[in-house]
Amino acid sequence: MAMPAIISIQDLTKTYQSGFKALKGVSLDIRQGEIFALLGPNGAGKTTLISIVCGIVTPTSGRVLADGFDIVSQWREARSRIGLVPQELTTDAFETVWDTVSFSRGLFGCAPNPAHIEKVLRQLSLWDKRKNQIMTLSGGMKRRVMIAKALSHEPDILFLDEPSAGVDVELRRDMWQMVRALRESGVTIILTTHYIEEAEEMADRIGIINHGELVLADEKSALMQQLGQKQLSLSLLEPLAQLPDALAPWDLQLSADGQELVYAFDAQADRKEISRLLRALNELDIGFRDLNTRESSLEDIFVNLVHRREGGTA
Amino acid sequence: MSFNHHGVWAIYKFEMARAKRTLWQSLVAPVITTSLYFVVFGAAMGGRLSDVAGVPYGAFLVPGLIMLSLFTQSVSNASFGIYFPKFSGTIYEILSAPISPLEAVIAYVGAAASKSVILGLVILATGACFVPITIEHPLWMIGFLLLTAISFSLFGFILGIWARSFEELQFVPLLIITPLTFLGGVFYSLDMLSPLWRAVTLFNPVVYLISGFRWSFYGMADVSLWLSVAISLGFLLVCSVVLWWIFKSGYRLKA
Ligand SMILES: Nc1ncnc2c1ncn2[C@@H]1O[C@H](COP(=O)(O)OP(=O)(O)OP(=O)(O)O)[C@@H](O)[C@H]1O
Ligand SMILES: [Mg+2]
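Those sequence lines, one after another, are chains H and B. When you line the first sequence up against our numbering, it's residues 18 to 331, in that order. When you line the second sequence up against our numbering, it's residues 12 to 266, in that order.
Printed below as a string of structure tokens:
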């Protein structure tokens with residue numbers, strides 16, 4: 018639990034030259050070896066945050082440590098540990114796949130290691146394309162090339178800025194698998210995504226950023242538990258005028274027409290509660306024609322949080 | 012890791028490979044252009060043009076033409092080398108890499124300067140096919156060649172960082188470098204000018220670069236050798252300082 022922070026972000030702000038405040042004091046610790054998903058609507062500041070950590074954008078104030086090294090004063094040590102797959106597909110056109118990945122390795126200060134490049138290319142199913150010019154590859158292949166470039170220098174920290182944008186289901190699954198394998202080998206991964214399922218599927222922890230502020234950062238499971246609610250709805254045979262006292266132990270809601278009983282409960286709650294409720298209904302001779310349950314997804318949590326914030330600050 | 016030599020080498024190799032891919036534009040085109048100058052001025056008109064301070068006009072032309080190519084190719088090579096990643100977005104990788112501004116400049120400017128030095132030597136060889144050439148001070152010749160290639164590559168690098176469009180990238184060479192070069196004594200000696208023009212021309216820094224380089228060939232110069240050396244070094248210094256400021260301020264590179 019008390020894993021050391023491999024990235025420590027303290028009170029980070031960024032005001033662009035236009036005067037726009039893209040980050041308004043973000044503090045966040047990323048733990049060694051975790052997969053951290055950064056969620057947020059368009060323009061929330063995800064790319065800005067990543068770009069600052071990677072040295073592409075200069076912070077206005079605040080401090081970032083990567084593996085204990087300050088990204089401004091010890092930029093060389095910090096950067097050599099970080100790999101970045103940016104949001105935009107930007108590759109050279111005329112270079113071959115092999116050359117461009119080898120170039121990246123050299124750029125990051127590593128001696129040539131063809132065996133490692135081969136491993137990365139094979140992992141990403143790019144080996145057959147190694148002699149192809151990048152411009153002859155499809156978009157999904159180019160994205161893989163960018164991942165290969167980011168992995169060329171064996172980084173400890175990998176940033177994936179919307180890795181699944183414009184990527185088909187198959188490649189997305191491949192990528193998830195690769196990300197898990199990387200985590201197994203000890204790499205810390207920070208990804209941004211608009212796909213909530215992706216965060217739900219992949220991440221150990223999730224951060225939600227909105228209007229340049231970190232709204233929340235927590236374990237995915239805790240998040241689901243804290244904010245994830247289940248609902249049991251019962252369509253009654255006979256409408257009820259009011260809730261019988263015997264049902265008071267359960268926090269029930271009766272619809273206005275008395276036709277529907279809704280029981281909201283914790284997703285992690287004791288299952289026996291439901292059977293007890295059903296038994297009580299039976300004893301009271303309250304019949305129901307149908308029942309269904311609904312589980313709030315991360316998406317609900319997300320929409321909920323973002324809206325609450327907007328309601329609060331507006 | 013106090014000096015990222017792998018990184019410098021990677022960029023240098025990348026830039027040289029780019030030239031190899033575009034060998035036609037990088038080498039063949041300037042050689043053809045230069046040959047045409049020799050054909051027109053050297054062979055066709057040269058017979059009617061008198062010697063310049065004892066040097067046949069065709070031979071007099073050679074150092075100037077080498078300088079002309081050196082200026083334009085250094086600037087265009089270096090400016091394009093850094094402008095294109097900025098334009099295509101691949102600069103993200105350079106900015107996120109553990110490579111210092113100085114290392115990046117060494118790599119980009121080193122590659123651009125290497126290319127123009129090679130080109131300069133090729134043009135020298137081409138010239139030697141048309142006219143007899145002597146080099147009285149070969150070490151000075153190499154020195155001026157390197158100094159000019161490096162200074163103008165630095166200048167091109169600054170231009171590439173400054174430019175926001177391909178038009179701007181072409182604008183400076185076309186409006187500044189080319190006129191200064193053509194009026195800077197590539198085709199004539201200052202002695203051939205009227206006193207007034209001569210005085211005006213002396214404000215053109217390119218005059219000093221060409222004069223020094225030509226002196227290393229034929230031992231004849233329009234201005235003093237040390238003035239040439241001083242102006243060459245001064246230009247190098249100015250470019251270095253501007254570049255230092257650019258990196259210190261993140262000017263047009265980082266948001
Ligand atoms: N160079 C810049 N100059 C001015 N404003 C900028 C600049 N880059 C980004 N912004 C603004 O900062 C805000 C945050 O942008 P950022 O790219 O970080 O968002 P994001 O969360 O990555 O969005 P998306 O999900 O669309 O990728 C946006 O409003 C954007 O317009
Ligand atoms: Mg983004």
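From the three backbone atoms N, C-alpha and C, an ideal C-beta is built for every residue, glycine too.
Please report the residue range of the alpha helix (DSSP H) in which B:A124 lies. P112 to F141 is the extent of the alpha helix (DSSP H) around B:A124.
Between which two residues does the beta strand (DSSP E) carrying H:N227 extend? Segment R222 to N227, the beta strand (DSSP E) holding H:N227.
Check H:R98 in the structure and name its three-state DSSP category. Residue state, collapsed to three classes: coil.
How would you list, in chain order, the residues of chain B whose beta-carbon sits under 8 angstroms from the beta-carbon of H:R93? Those are M12, N15, P109 and S111, listed as they occur along chain B.
Between the C-alpha atoms of H:L278 and H:A216, what's the straight-line distance to the nearest angstrom? If I take the Cα positions, the gap works out to 33 angstroms.
Taking 7 angstroms as the limit, tell me which residues put their C-beta closer than that to any heavy atom of ligand 2, in chain order. Counting only residues whose CB is nearer than 7 angstroms to a non-hydrogen atom of ligand 2, the list in chain order is H:K63, H:T64, H:Q104, H:D178, H:E179 and H:T209.
Where does H:I164 land, buried or exposed, given buried means 16+ other C-beta within 10 angstroms? Buried, by the Cβ-count rule.
Continuous alpha helix (DSSP H) assignments of at least 4 residues falling wholly in the segment 82-114 of chain B: Runs of the alpha helix (DSSP H) spanning 4 or more residues and lying entirely within the segment 82-114 of chain B occur at 102-107, in chain order.
What whole-angstrom Cβ distance do B:A70 and B:V142 have, given they're in contact under 8 angstroms? The beta carbons of B:A70 and B:V142 sit about 5 angstroms from each other, so the pair counts as a contact at 8 angstroms.
B:R175, buried or exposed, once every other Cβ within 10 Å from all chains shown has been counted against 16: Exposed.
Taking only the alpha-carbon atoms, compute the straight-line gap between H:N59 and H:Y212 and give it to the nearest angstrom. Taking the straight line from one Cα to the other gives about 12 angstroms.
Going by beta carbon distance, what residues of the same chain come within less than 7 angstroms of H:A39, once the five residues before and after it are set aside? Answer for H:A39: K31, Y33, G62, T65 and G229, listed in chain order.
Does the segment 192-209 of chain H come close enough to the segment 175-182 of chain H to have 3 or more Cβ pairs within less than 8 angstroms? Verdict: yes, contact present.
Which runs of the alpha helix (DSSP H) at least 4 residues long sit entirely within the segment 192-264 of chain B? Give them in chain order. Listed in chain order, the complete alpha helix (DSSP H) runs (minimum 4 residues) inside the segment 192-264 of chain B are 206-212, 216-229 and 236-260.
If you count every other CB in all the chains shown that lies within 10 Å of the CB of B:R32, and 16 or more means buried, which is it? Around the beta carbon of B:R32, fewer than 16 other beta carbons lie within 10 angstroms, which makes this residue exposed.
Say whether chain B places a C-beta atom closer than 8 angstroms to the C-beta of H:F111. By this cut-off, H:F111 is an interface position.
Does ligand 1 have even one heavy atom less than 7 angstroms from the beta-carbon of H:S35? True, at least one ligand heavy atom lies under 7 angstroms from that Cβ.
My output table needs one value for H:D268: the three-state DSSP class, helix, strand or coil. In the structure shown, H:D268 sits in coil (DSSP, three-state: anything other than H, G, I, E or B).
Looking at the unbroken alpha helix (DSSP H) that takes in B:E178, where does it start and where does it end? Looking at the DSSP string, the run of the alpha helix (DSSP H) that includes B:E178 is F177 to V183.
In chain H, which residues lie with their C-beta within 7 angstroms of the C-beta of B:L106? Chain H residues near B:L106: G72 and I73.
Given the structure, does H:A239 come close to ligand 1, in the sense that its CB is under 7 angstroms from one of the ligand's heavy atoms? No.
So which of B:S80, B:L158, B:G75 and B:I93 has the shortest CA-CA distance to B:R29? The option with the nearest alpha carbon to B:R29 is B:I93.
At the level of alpha carbons, what is the spacing between B:A123 and H:R139? If you take the alpha carbons of B:A123 and H:R139, they lie about 35 angstroms apart.
Could you list which residues in chain B have their beta carbon closer than 8 angstroms to that of H:T107, in chain order? For H:T107, the chain B residues whose Cβ falls inside 8 angstroms of its Cβ are S99, G100, T101 and Y103, in order along the chain.
How long is the line joining the alpha carbons of B:L186 and B:Y48, rounded to whole angstroms? As the crow flies, the alpha-carbon of B:L186 is around 21 angstroms from that of B:Y48.
Which residue wins for smallest C-alpha separation from B:F163, given the options B:L248, B:L72, B:S37 and B:T45? Comparing Cα positions, the closest option is B:L248.
Where does H:L233 sit, in a helix, a strand or coil, going by DSSP? Correct three-state label for H:L233: strand.
Since B:I187 meets chain H, which of its residues come closer than 9 angstroms, beta carbon to beta carbon? Residues of chain H passing the Cβ test: none, with the nearest at roughly 28 angstroms.
If I measure Cβ to Cβ from B:A139 and keep anything under 7 angstroms in the same chain, skipping five residues before and after, which residues do I get? Apart from sequence neighbours up to five positions away, no residue of its chain approaches B:A139 with a beta-carbon distance below 7 angstroms.
Which of the residues in the segment 166-186 of chain B, read from start to end, lie with their CB under 7 angstroms from any CB of chain H? Hits within the stretch: zero.
For B:F214, count the other beta carbons within 10 Å of its own beta carbon; 16 or more makes it buried, fewer makes it exposed. Which is it? Classification of B:F214: exposed, given that the 10 Å Cβ count is below 16.
Beta-carbon proximity check, H:E94 vs H:T205, cutoff 8 angstroms: No, they are not a contact pair.
Proximal residues of chain H, C-beta to C-beta of B:W256 below 7 angstroms: Listed along chain H, no residue sits closer than 7 angstroms to B:W256 by beta-carbon distance, the nearest being about 15 angstroms off.
How many Å lie between B:R209 and B:T145 at the Cα? Within the model, the alpha-carbon separation for B:R209 versus B:T145 is close to 27 angstroms.
Extent of the continuous beta strand (DSSP E) run through H:D283: Going by DSSP, H:D283 is part of the beta strand (DSSP E) stretching over E277 to D283.
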